[in-house]
Structures are given as structure tokens and as C-alpha cells.
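Engineer: This is the structure I want to talk about, given as C-alpha cells.
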Amino acid sequence: MEEEDEIAEVDRSIRTYVLRAGRMTDSQRRALEELGPRLCLNVEPGRELDLAAAFGNGGPVVAEIGFGMGQATWRIAADNPATNYLGFEVHTPGVGKLLAELGERGIENVRIVHRDAVEVFERCLPPSSLAGIHVFYPDPWPKKRHHKRRLIRPGLAELLASRLASGGYLYFVTDIEGYASWALEVLGRTAGLRNRYADYAPRQEWRPETKFEARASRDGRGAWELLFEKA
Ligand SMILES: C[S@@+](CC[C@H](N)C(=O)[O-])C[C@H]1O[C@@H](n2cnc3c(N)ncnc32)[C@H](O)[C@@H]1O
932 MEEEDEIAEV DRSIRTYVLR AGRMTDSQRR ALEELGPRLC LNVEPGRELD LAAAFGNGGP
992 VVAEIGFGMG QATWRIAADN PATNYLGFEV HTPGVGKLLA ELGERGIENV RIVHRDAVEV
1052 FERCLPPSSL AGIHVFYPDP WPKKRHHKRR LIRPGLAELL ASRLASGGYL YFVTDIEGYA
1112 SWALEVLGRT AGLRNRYADY APRQEWRPET KFEARASRDG RGAWELLFEK A
């Protein structure tokens, strides 16, 4: 019963992150100044994002929520040049770092939204507009009183699902077992989503390892993966 209460829908406006102060390197700052105007999207809450215009083509768009320093983002984008990647991150040094990588490597199929993904999903992304959503190592909010901040929670899971096109996927990875079982339950209950596997998914070999993952495996923690799709 307690678990039932805990997993109940909570106010969407409760933020999934706390902004950390972070020092920027010179190269991150330079990348923000030089590449930010072209590759960071200018979004205004309430104005619908025109994804085809943002990428300059009508190809499929995969969103990544909370890309951190963007290690997985640029690698996946470089491996899949026909797919457009829309990365969301609130932490400014991470945005600078990903921009620097994109610039150095000449990767053209990534655009960045330097804002709260929840707000932009809700107020700017059209329904059924995404071919996929990546959530890699989200903030786990392990304390019970903080579970209401989790990105995968009732209410937000429905919002994410609503932005997926039919056949689109939601790929979630965490090294925190308690978050994994919670997300399995929340996504399992989300209307319109179905699990591609019986429970956890096998590691998707195309997903590169990030710093979080390397540290987790060094510390002896595993990774739990979930792969759901929109019916
Ligand atoms: C634990 S880090 C993981 C980073 C990266 N995915 C990785 O695997 O290394 C989670 C990131 O999600 C970002 N984040 C959390 N909620 C967010 C939101 N609503 N919109 C944008 N970014 C968010 C945080 O700023 C943080 O950088």
C-alpha cells in the first residue's frame, strides 16, 4: 500500500534536477559563444518547436534528456548520421562540452535545448513528434522523500509517451537498482507503452559507455536497462 502511495502521480512542476554551480573551461565557454547561437535552439514556452526547421530536414528525431557532458550523445549521433538528435541539459558546462565535441568532430545532426526538458516537452514539443527518447543515468533521487523528483514517475511518463510517434521507443538506463524496479513498474503502467522485453532489456550494444557507467562498474554496480515502445 505504501508503495502504491509512493508511486502515485505528482505535480509535473516539481523539478527533476537541482542546478549545480559548475566551473566552465575556456573551450566550453568558447564553444557556447561560437556554436551556441547555431546549435542551441531558441525555445519559448508555449511556442511549438518546428523540428524540421531546427534540423534542416524532416528526418526522425530522437530526444535525450539530461545528456550530462554529452559523451553518449555525440558518439550515437556520429554513428547514425541519418537520425536527428535533440539533447536536453540544464547544466551549462555540459552544454559547452557537447558543443565543443560537435564542433571538433563536425557533427551536424545534433541540436541542444539548454532548458528543463519537462517544460519543453509539455509546452513546445508536438504530440507524436519523436522517434525515440534516451534517458541515460538520470538523477536517481534515492531518498524516499525525493522520489517525487524522479524523471520517470507517473504523470511525466505519460507526458514522455505522448511525444513518441507510433513505434517510437523509450530507452532508460540506470545503475541504481531501486530506480530500475520503480521505472519498470511506472512504465509498465503507462498507457500506450509496451515493454519490448519480459522485464529488463539486455545491454544495447550501440550505446557507448559514459563516465557514470564506467564509475558504476568500477564500484561493482550493474546497469539496468529498459526498452519500451509506443504502441
Ligand atoms: C546523473 S546525470 C547523467 C548524465 C549523462 N546522461 C550520463 O550518463 O553521463 C543526469 C543529468 O540530467 C540533467 N537533468 C535532470 N533533469 C533534467 C531536465 N528536466 N531537463 C534537462 N536536464 C536534466 C542533470 O542536469 C544532469 O546533468
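Each residue of the sequence shown is one higher than the last, beginning at 932 in my numbering.
Quick reminder that beta carbons are idealized off the backbone N, C-alpha and C, glycines included.
This one's a predicted model, so the numbers in the text were calculated from it and none came from an experiment.
Please identify the residue among 1058, 1111, 1098 and 1069 whose C-alpha is closest to the C-alpha of residue 875.
Structural biologist: This structure does not reach residue 875, given that the chain is present from 932 up to 1162, and the question cannot be answered.
Engineer: Would you say residue 986 and residue 992 are within 8 Å of each other, going by their C-beta atoms?
Structural biologist: Remark: C-beta atoms of residue 986 and residue 992 approach each other more closely than 8 Å.
Engineer: Buried or exposed for residue 1127, going by 16 or more other Cβ atoms inside 10 Å?
Structural biologist: Residue environment: residue 1127 is assigned as exposed (fewer than 16 neighbouring CB atoms within 10 Å of its CB, all protein chains considered).
Engineer: Where residue 1052 and residue 1094 are concerned, what is the direct C-alpha to C-alpha distance, given to the nearest angstrom?
Structural biologist: 7 Å
Engineer: So what does DSSP say about residue 1062, is it helix, strand or coil?
Structural biologist: strand
Engineer: At the level of alpha carbons, what is the spacing between residue 955 and residue 1025?
Structural biologist: 9 Å
Engineer: For residue 947, which of 1020, 1106 and 1097 has the nearest alpha-carbon?
Structural biologist: The shortest C-alpha separation from residue 947 is found at 1020.
Engineer: What does the alpha-carbon distance come out to for the pair residue 1042 and residue 1013?
Structural biologist: Approximately 14 Å between the Cα atoms of the pair.
Engineer: One question on the structure: do residue 1037 and residue 962 come within less than 8 Å of each other, judged by their Cβ atoms?
Structural biologist: For residue 1037 and residue 962, no; Cβs fall outside 8 Å.
Engineer: Given residue 941, which residues of its chain have a CB within under 8 Å of its CB, disregarding the five upstream and five downstream residues?
Structural biologist: 1079, 1084, 1085 and 1086
Engineer: Grab me the residues of residue 975's own chain with a C-beta within less than 8 Å of its C-beta, minus the 5 sequence neighbours each way, in chain order.
Structural biologist: 1055
Engineer: Buried or exposed: which applies to residue 1060, given that a residue is buried once 16 or more other Cβ atoms fall within 10 Å of its Cβ?
Structural biologist: buried
Engineer: Here's the rule: buried if 16 or more other CB atoms are within 10 angstroms of the residue's CB, otherwise exposed. What is residue 1039?
Structural biologist: exposed
Engineer: Write down every uninterrupted run of the alpha helix (DSSP H) in the stretch 1004 to 1045 whose length is 4 residues or greater and which is fully enclosed by it, in chain order.
Structural biologist: 1023 to 1036
Engineer: Taking Cβ positions, are residue 1158 and residue 1102 nearer each other than 8 Å?
Structural biologist: Yes, the Cβ-Cβ distance between residue 1158 and residue 1102 is below 8 Å.
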